[in-house]
Amino acid sequence: IDENEVFVINNGGSSQYEFTTNGSFTFEFRDAAGNTGSKAAEVTLIDTLAPNAPAIHLNPESGVSTGSVEVSLTHDESELVSVEYCVSSGGEMEWLPYESPFSVSEKGSWDVFARAIDAAGNESPESCKILVLKNRHKRETVEPSRTVDHYDINLPYLVVQGARLEMTELWSFYDINGKPIDMSGFEIESSNPYILQIMDDGTIFAKNPGVVSLIVSDPKTEAVFTFDLEIEGPSEKSAGIDFTDTENHWARDSISGLRDEGYICGYEDGSFRPQNDMTMAECLAILERVRLDNAGMANSTRPCEEPEIIAEAWSRNYCLSALSRMDIDEVKIAFGDRIDADVPITRGQVAFLLAQSENWTDTIGDAIPFGDIMDNWYQEPILCAFKRGVFKGYPDGTFKPDALVTRAEMTVLFGRFIKYLQCQ
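Per this note's numbering, the very first residue in the sequence shown carries number 16; after that it's consecutive.
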């Protein structure tokens, strides 16, 4: 069978052989005297045909609801042992026997799988449909503001902790004629990044339970609106879901940990690009988010005495707030009178920013652990960060203060920095 020989020993009685696959088989016989013979057989009756996949029916048909979605399964074959289904949000799949229609009501995005198994044990291909359960919305009309007659606001009164939303999922703007208003130029600010955070990619991250004010402004009309949004928690976060390019990366745990806490985000294509160089803007933005979060600060970003020190950047407010805790004169010596926030940052510069933010001032002793930082301008902050476990050196005894820091390395550094803050 398939070029494999099977020996059946017959000691004067009868023997049976069970065929498990269709095909042509040859039986060869040999008795005790050495006489031989053979007989060919053709097996064609074994059922190896998989049944069709069950059909999945959703109510509402779109699978999108603010309440619940009813799921029913149908199949066009009668000789089935069972029909099974599984509802998954990306974790381990648990198959359950289907007996009657069921409902899914927990908020989030869900994959519904179904399969059929026939009497011969053949499994069908899996069918799948996607459900999206959203928070309920309420509609409000905002009073006229300048040249705008009114905005209709489609605003959820409740958002679940751990949710990541696009601005358009929070609300929709319409003019007085009911025509949707382009929101691409709108600006949004959170009154409390500790509760709700505006991410670099424009998404809104519900970080901790509480009530937060969202300040929305339309630069075209200069209209500004403030809304209160409640974050409900706790709920399971989306931990364990990798970026498309970090599943097997050495820094995967550090990257996922900082992403799940809302300190970092990826790119529109779902990647993180861990080998890209970290920029000054990215470093300061993460630093400020970590400081606000681990200090439990209820205030938003703070003003800087010299806002002109940072050129325009996507994270300018975070950068200025982080710099407000630093000695601006020292910062100017390190980076110049005007910082280009989009340039890559070095290991020595990261150590300097951390030391400035935390006001680390240690006396330098005679023992310098790294031979390549003697007389380096960043020597003191490097030693401060090293003593607190944030930075480590290389096996050859160097620190490499001028080496650029990758995005992956930065997640490891800030993971250590967070542990340091939590121990204080």
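Just so you know, even glycine gets a beta-carbon here, dropped at the ideal spot from N, CA and C.
All figures in this text were calculated on a predicted structure; none of them were measured in a lab.
Spell out the partners DSSP gives residue i in its beta bridges.
i, result
"Lys144", "Val127"
"Asp243", "Ser228"
"Ala296", "Paired residues: none, contrary to the question."
"Cys101", "Phe128"
"Gln7", "The requested residue 7 is not part of the displayed model; the chain covers only 16 to 439."
"Val346", "Val346 pairs with nothing; no bridge assigned."
"Arg45", "Thr51"
"Leu111", "Tyr100"
"Thr261", "Note: Thr261 sits in no beta bridge, so no partner."
"Ala9", "An answer regarding residue 9 cannot be provided, because it is not within the stretch 16 to 439 covered by the chain."
"Ser205", "Leu229"
"Val8", "Missing from the structure shown is residue 8; the chain here goes from 16 to 439 and no further."
"Pro234", "Paired residues: none, contrary to the question."
"Asp355", "Answer by DSSP bridge pairing: none, since Asp355 is not bridged."
"Glu424", "None, per the DSSP bridge assignment."
"Asp197", "Paired residues: none, contrary to the question."
Keeping to the same chain, check which residues put their C-beta closer than 7 Å to that of residue i; ignore five residues upstream and five downstream.
i, result
"Ser97", "Pro112, Ile132"
"Ile383", "Met389"
"Gly272", "Gly430"
"Tyr435", "Arg403, Gly404, Val405"
"Ser269", "Thr426, Val427, Gly430"
"Phe42", "Ser53, Lys54, Ala56"
"Lys235", "Gly200"
"Ser39", "Ala55, Glu57"
"Glu138", "Ala65, Arg130, Ile132"
"Lys144", "Ile71, Leu73, Gly78, Val127"
Give me, in chain order, the residues of the same chain whose beta-carbon lies closer than 6 Å to that of residue i; leave out the 5 immediate sequence neighbours on both sides.
i, result
"Val443", "There is simply no residue 443 to check, as the chain begins at 16 and stops at 439 in what is shown."
"Glu303", "Tyr333, Ser336, Ala337"
"Gln394", "Ile388"
"Glu276", "none"
"Gly225", "Ile210, Ile246"
"Thr241", "Ser228, Ile230"
"Pro396", "Ala366, Phe367, Ala370"
"Asn50", "none"
"Glu158", "Caution applies to Glu158, whose pLDDT of 43 falls short of 50 and renders its modelled position unreliable; the model cannot decide the point."
Skipping 5 residues on each side, what residues in its chain have a beta carbon closer than 8 Å to that of residue i?
i, result
"Leu428", "Val365, Val405, Phe406, Val420"
"Glu33", "none"
"Trp265", "Ala423"
"Lys6", "Residue 6 is absent from the structure shown; the chain starts at 16 and stops at 439."
Residue i to residue j, Cα distance in whole Å?
i, j, result
"Glu202", "Ile213", "10 Å"
"Glu141", "Asp417", "54 Å"
"Gly217", "Ile301", "15 Å"
"Ser83", "Ser103", "15 Å"
"His69", "His90", "Here residue 69 turns out to be Pro, not His, going by the sequence shown. Each residue's alpha carbon lies about 5 Å from the other."
"Pro359", "Arg274", "21 Å"
"Gly441", "Leu229", "Because the chain in this structure spans residues 16 to 439, residue 441 falls outside the shown range and cannot be described."
"Cys280", "Met295", "16 Å"
"Cys438", "Arg431", "11 Å"
"Leu368", "Glu99", "56 Å"
"Gly363", "Asn291", "18 Å"
"Glu204", "Pro66", "54 Å"
"Asp377", "Glu237", "49 Å"
"Asp197", "Asn374", "45 Å"
"Arg353", "Glu345", "13 Å"
"Asp46", "Thr63", "35 Å"
"Glu121", "Leu148", "7 Å"
"Ser87", "Leu299", "51 Å"
"Lys222", "Cys399", "31 Å"
"Asn263", "Ile219", "28 Å"
"Ser77", "Phe117", "16 Å"
"Tyr440", "Ser115", "Any answer about residue 440 is impossible in this case: the structure gives the chain only from 16 up to 439."
Does any residue of chain B have a CB that is nearer than 8 Å to the CB of residue i?
i, result
"Ala68", "In the structure shown, chain B cannot be found, because there is only a single protein chain."
My parser needs the alpha helix (DSSP H) runs of 4 or more residues fully inside the stretch 363–419; what are they? 394–402
Those runs of the beta strand (DSSP E) which lie wholly inside the stretch 59–92 and span at least 3 residues: 70–74, 84–89
With three or more C-beta pairs closer than 8 Å as the rule, is the stretch 48–56 touching the stretch 120–127? no
Validate contact between the stretch 259–269 and the stretch 284–298 using beta carbons, cut 8 Å, 3 pairs: yes
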